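Oh and the sequence shown: position 149 is 199 in the numbering used here, straight run, nothing missing. Where a beta carbon is used, it is the ideal one built from N, C-alpha and C, also for glycine. Note that the structure is predicted; figures quoted are calculated from it, not measured. Below is one structure; the comments refer to it alone.
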Amino acid sequence: MKYQNIIKAIEGTRTIEDIQEKLMIDRAKAIYLLHRLRKLGYIKTKYLPNRKRIYSISLLNQQEGVSQLEAFNENMPNASLRINDDEDYFIHGRKLKAEDGLIYALKKNKVRYIISSLFLFRKIEDWPYLYKLAKKENLTRQISALYDLARLFIKKVKKMPKRFKSLTAPKKNGKYISIINGFSSTDFKDIEKKWKVYLPLNRVDLEEYISIKNDKHK
C-alpha cells in the first residue's frame, strides 16, 4: 500500500508540527499528506480547547468506519464552530453528507451542536433524503424551524422546497415540541409559533459565533 510505510512512521497522536519533524517535510506537504490520509480513512481529527488540531493516525482507523463528529466538523467554515467531543460514532460502508450531519446534531441535544448545525443548511442538496432521515427520527418540524432560523443569520442558505415545508408543517391542533427539553427562545417566538417547536437559542447565543445577516428580528 502506497501510504503504509508513512503511516507506520507517524502512527499515534500527532500535531502537524510532529509530522513535519518526523518526515522532514514542510508544512504545505504535511497538510497535503493529512488531507490524503483523511480521505483514505486513516486519520481522526480532534480539536483541543485552544482550537489546535491533533491527529490520531493508524492503519486501524480505516477499519472502524467514518467518524460522525469528524464529518460534521469538516462542514464547518471555521474553528469556532467545530465541536470537540469525547463521544463519537462511526458509520461503515457509506460517506456521510450534510443531511446526516443535521440529524446527528439534533440527536446530540446540545446547544453547541445546534448552533453549528445551522451552517449545514448551506450544503443541503438532497431534500428528499433529509426528509426521510428526519421522519425516521421524528425530527421533521425541528429541521424546518432551524432552517428558518438559519435563514435569518447565515448567507447562502439554499432554498427549502415547498414540498418539504408542506410535509413538515404542524397540524392545527398539534402540540409544541422541543429541540432540547427545558429550553425555549425569547427572541424567535414567531418561528416557534409557525412550527410549534421550542428553539433552544436566543439572539445572543448566535451573535457570539455568527455574523448577523440582517436586523429584521430586532
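The alpha-carbon separation between Ser117 and Ile141 amounts to approximately 7 Å. An exposed status is given to Ala59, since fewer than 16 other beta-carbon atoms sit within 10 Å of its beta-carbon. Taking the Cα of Leu180 as reference, the smallest distance to any Cα among Arg201, Phe214, Leu202, Leu199 is reached at Phe214. With contacts defined as CB atoms closer than 8 Å, Leu168 and Ile204 qualify as a contacting pair. The criterion of a C-beta distance shorter than 8 Å is not satisfied by Asn125 and Ala155. For Ser234, no alpha helix (DSSP H) encloses it, and the DSSP letter there is neither H nor E. Here Asn111 is buried, its C-beta having at least 16 other C-beta atoms within 10 Å.
The residues Leu109, in chain order, have a CB closer than 8 Å to that of Gln54 in the same chain once the five nearest residues on each side in sequence are set aside. For Arg101, the closest of Asn123, Thr236, Ile93 by C-alpha to C-alpha distance is Asn123. Counting along the chain, Gly62 sits inside the beta strand (DSSP E) bounded by residues 62 to 64.
Leu119 and Val161 have their C-alpha atoms roughly 15 Å apart. Shown here, Arg162 sits in a helix according to DSSP, grouped into three states. DSSP places Val207 outside both helix and strand once states are collapsed to three, so it counts as coil. Leaving aside the five residues that flank Tyr163 on each side, the residues in its chain whose CB is nearer than 7 Å to its CB run, in chain order, Ile133, Ala155.
Note: Thr95 is bridge-paired with Tyr105 in the DSSP secondary-structure output. Setting aside the 5 residues that flank it on each side, Leu189 is surrounded in the same chain by Leu156, each with a C-beta closer than 6 Å to its C-beta; the list follows chain order.
Rounded to the nearest whole angstrom, the CA to CA distance from Leu98 to Ile104 is 7 Å. Exclusion of the five residues before and after Tyr226 leaves Glu242, Lys246, Val247, Tyr248 as the residues of its chain whose Cβ lies within less than 8 Å of its Cβ.
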